[in-house]
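In what follows, a single structure is set out as structure tokens and then discussed.
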Amino acid sequence: MRFCLSIVLFTVLFLSSPLWAQNESEYHFVDLRHIDFNNDQAIELDYNWLFYWKQLLTPDQLKALPDHAIYTPLMRWQDIKTEDKTLDSSFGYATYHLSLLIADNLPLMALQIPYAFSSSKVWINNKLILQNGNVAKTKKETRHLQLNATIPFSQIGDTLDIVIQVANFYHNNGGLIEAPILGTAKTLLKKEKQTIMADMIFIGSLMFIGMSFLFLFFFFWNKDKAILYFSVLCIFWSYRSLSDGYAPLALSFEWLPWIYHVKLEYIAMFSSGLCGSMFLSTIFKKFSHRLYPKIITWLISAFILLTVLAPSRLYTQLLNVFLLLMGVNLLYAIIVVFIAAKNKLKGSSLATVSILLGTLVLGVHVLTHIFFNTNDLNVVLLNSGYVVVILLNSFLLGQRFSKSFYTLENLQLSTLGQKKEISAQAEKLNSINNELKEKSDMLKEKNKEVSLANNTLERQVKKRTARLSAINKELDTFLYRSSHDLKQPISSISGLLYLAKKIVIDKTSLEFFDKIALVNNSMDELVSKLNIVSTIKYHQVSYSLVSMKSLIMKLKTTIMEVVKEKNNISFLLSGEDKLITDVFLLEKILYQLFLNSAIWVDHVSTSITITCNISVDQEAIKITVRDNGPGIARKNAHEIFEMYKVGNETVKGHGLGLYIVDKAIEKLNGQIQLNNSQKKGASFTITIPVAQAVPGLEVKDKMTVSNIQC
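Counting from 43, one number per residue, gives the positions in the sequence shown under the working numbering.
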């Protein structure tokens, strides 16, 4: 029993695999005498054929019953298996042989022969009926050409002997893949005519639509790139369909190698995919990802570049990869269209129907090609589906056109209205311009008069300015000389008073002498201050390193001599001790401020406290001087820095101290601000710009002091 089962299993496996035929008469006859071809029935000869690898045999040579034939169904050469291995090659040459037994009373018969990869010769009953290209054993001698053909023949007897030679040295798919079809000439030729009609309608429709839209884009409306993409898609697709089935260029230009025709066919196919993707991306730009056009362009450009540069064996393998890419692309297009439809974009419903129908048709086509390795579909239905898809997209583009033209028409009407309005405004502007021109002429006349007046005034101002400069110079000279000239008589009066007090003993006279001395001292102080004003004006700023502690000690000694009856004066210093500035001007500034505080406080308090705070940053030196006096009346605060202005009427003075301070600070390009608090003392803040780098001067050891009493 086990032996019998083993025999059955071996037989099944043996018959289901390609076999080596030791004698072809044992295997290659197929009995079709039971088939009634009269009722339009056609039979695919999808049987096991005798296959002679690396042999080109004629019918006469096959009569000798050569050995080493493989008994195999039709498939790609690289998939055919021998006893121990596959051929694993798509390049080479081979002979196919099949013998049929058919009825002998049949009408005129025909054989529909699909194209082989990539050149072929066909014999029926020892008669050569078809030759596509040139079949040879070398690449140099072989001329490739792929064509479908339906060949009628007269049947004599009941035996039909079919021999097919195939050679391939270019395409990745080698051999006879699809089975020939046997039927009556009437049936097969009718089917061929239907296929040609469907193809011509499809190709003609694509070419007409593509050329129409291309003409429209270049001559009427080149603003919308979707038109260009759609037209190029239709043209490339029509060329690819024409080249795939009928190879018109290969027949018309036989001198051009077949490989270039295939390159053009693949480039057209890849380019149509790119244009279709860019068309949808442009139509639904708002809803597709911004990187989508770049990604699809780079991917398909890589396909095209490989087709141009790579050998045929490589780029002919890209077809299935490209079809898978287009499948993914269609899925993404469906998502984008549904999003557009959800957002109620105009035209999205039409696009949805078009995409879904296109996906269905292309999906059936792609799946059949990839998984069944055949194009044997109902060409009429398939092409009709594609034509409907193209027409729907044409309607979508037409709808886009109509929207653009409607918008354009509205814009034209709006433009006409705006033109009329602009024309009215232009007339109004012309009249205004005329008025403006008249006024402009009047203004020019007035400007001439004003210009003459300005020139006259400028000359007068220059004369007066020169005169004032001369007077100021004479005044400065007078002030300087008078201050020096008055010093001598004032000193003489002081000396005479001193001698008079030594000689005269009359009490009344001595009292008068004291009053004369007070007046004389006041006069001496006034002259000294006027001299200081003049000196500051002509002083050249010179920077040096100053110790604030030493300077304040010196000023305290001087002030104590002036205010002799007030011994309780304290100075508090805080902040930076070392500064780089003009010591002469700084001394005049601080002396006048300190003296001003000592004199004012002297009238209201027995204790005088003057605080000086110094801070330095990268831009300025800031010095704040405060006292514990009565402050300055608000009504006088705005004029205390003017000449001969006194801030407190209870204190007798010349009104020159703060004027000197202001002029000295002005000489240093600084500023002074009064921070007045009446009855709580006066506070002055002085801001002096930091001196630029002075050669030889640098504060090496910075020292900060805090409330040091001087």
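Here a beta-carbon is modelled for each residue, glycine too, at the ideal position from N, C-alpha and C. Because the structure is a prediction, the values reported are computed rather than measured.
Own chain partners of residue i with C-beta closer than 6 Å, once the 5 adjacent residues on each side are dropped
i              : result
glutamine 154  : Thr192, Ile223, Leu230
alanine 733    : Tyr585, Ile622
methionine 770 : As displayed, the chain neither begins before 43 nor continues past 752, which places residue 770 out of reach and without an answer.
serine 285     : Glu307
leucine 322    : Ala375
valine 274     : Cys317
leucine 698    : Lys571
alanine 145    : Arg75
Three-state secondary structure assigned by DSSP to residue i
i              : result
serine 186     : For the record, residue 186 in the displayed sequence is histidine; it is not serine. If DSSP states are grouped into helix, strand and coil, histidine 186 belongs with coil.
aspartate 704  : helix
lysine 505     : helix
glutamate 86   : strand
lysine 96      : coil
leucine 275    : helix
serine 576     : helix
lysine 722     : coil
tyrosine 157   : coil
alanine 209    : strand
histidine 303  : helix
valine 431     : helix
glutamine 582  : coil
leucine 754    : In the structure displayed, the chain extends from 43 to 752; residue 754 sits before or after that span and is not available.
isoleucine 376 : helix
aspartate 203  : strand
methionine 253 : helix
CB of residue i within 8 Å of CB of residue j, strictly
i                : j                 : result
proline 101      : alanine 152       : no
glycine 217      : alanine 136       : yes
serine 162       : asparagine 176    : no
leucine 187      : alanine 106       : no
threonine 727    : glycine 712       : no
lysine 543       : leucine 552       : yes
asparagine 670   : glycine 723       : yes
phenylalanine 14 : serine 314        : With the chain covering 43 to 752 only, the question about residue 14 has no answer from this structure.
lysine 630       : leucine 615       : no
threonine 358    : asparagine 214    : yes
tyrosine 157     : leucine 116       : no
valine 379       : phenylalanine 326 : yes
valine 583       : alanine 640       : no
tyrosine 212     : tryptophan 300    : yes
alanine 383      : threonine 324     : no
Contacts around residue i, its chain only, beta-carbon distance under 8 Å, and the 5 residues preceding and following it disregarded
i              : result
glutamate 343  : A small fix is needed here, since residue 343 is serine in this sequence, not glutamate. Cβ neighbours of serine 343 beyond the five flanking positions: Leu316.
leucine 143    : Phe71, Val72, Asp73, Leu74, Arg75, Asp200, Thr201, Leu202
leucine 170    : Lys163, Val164
isoleucine 219 : Leu116, Met117, Arg118, Pro156, Ala158, Phe159, Asn415, Thr416
Close-in-space but distant-in-sequence residues of the same chain around residue i (CB under 7 Å, 5 per side omitted)
i              : result
serine 636     : Correcting the residue identity first, residue 636 is phenylalanine in this sequence and not serine. Within the same chain, phenylalanine 636 has close Cβ partners Leu597, Ile601, Ile652.
methionine 320 : Tyr271, Pro335
isoleucine 251 : Cys276, Ile432, Ser436
alanine 178    : Thr184, Ala209
valine 703     : Ile631, Gln634, Leu635, Ile714
Environment of residue i [buried if 16+ CB atoms lie within 10 Å]
i                 : result
leucine 627       : buried
threonine 416     : Caution is warranted here: a pLDDT of 49 is assigned to threonine 416, below 50, making its placement in the model unreliable, and no coordinate value can be reported.
asparagine 638    : buried
arginine 668      : buried
serine 294        : exposed
valine 304        : buried
aspartate 130     : exposed
serine 657        : exposed
isoleucine 245    : buried
phenylalanine 257 : exposed
cysteine 46       : Because cysteine 46 carries a pLDDT of 37, less than 50, the predicted location of this residue cannot be relied on, and no value is offered for it.
proline 672       : buried
phenylalanine 261 : exposed
serine 482        : exposed
Span of the beta strand (DSSP E), counted from its first residue to its last, around residue i
i              : result
isoleucine 730 : 725 to 731
proline 194    : 191 to 195
isoleucine 714 : 713 to 716
isoleucine 594 : Note, isoleucine 594: premise wrong, no beta strand (DSSP E); alpha helix (DSSP H) at 590 to 604.
Host alpha helix (DSSP H) of residue i (start-end)
i             : result
arginine 355  : 354 to 357
serine 649    : That residue, serine 649, is in no alpha helix (DSSP H); it is neither H nor E in DSSP.
glutamine 103 : 101 to 104
alanine 344   : 334 to 351
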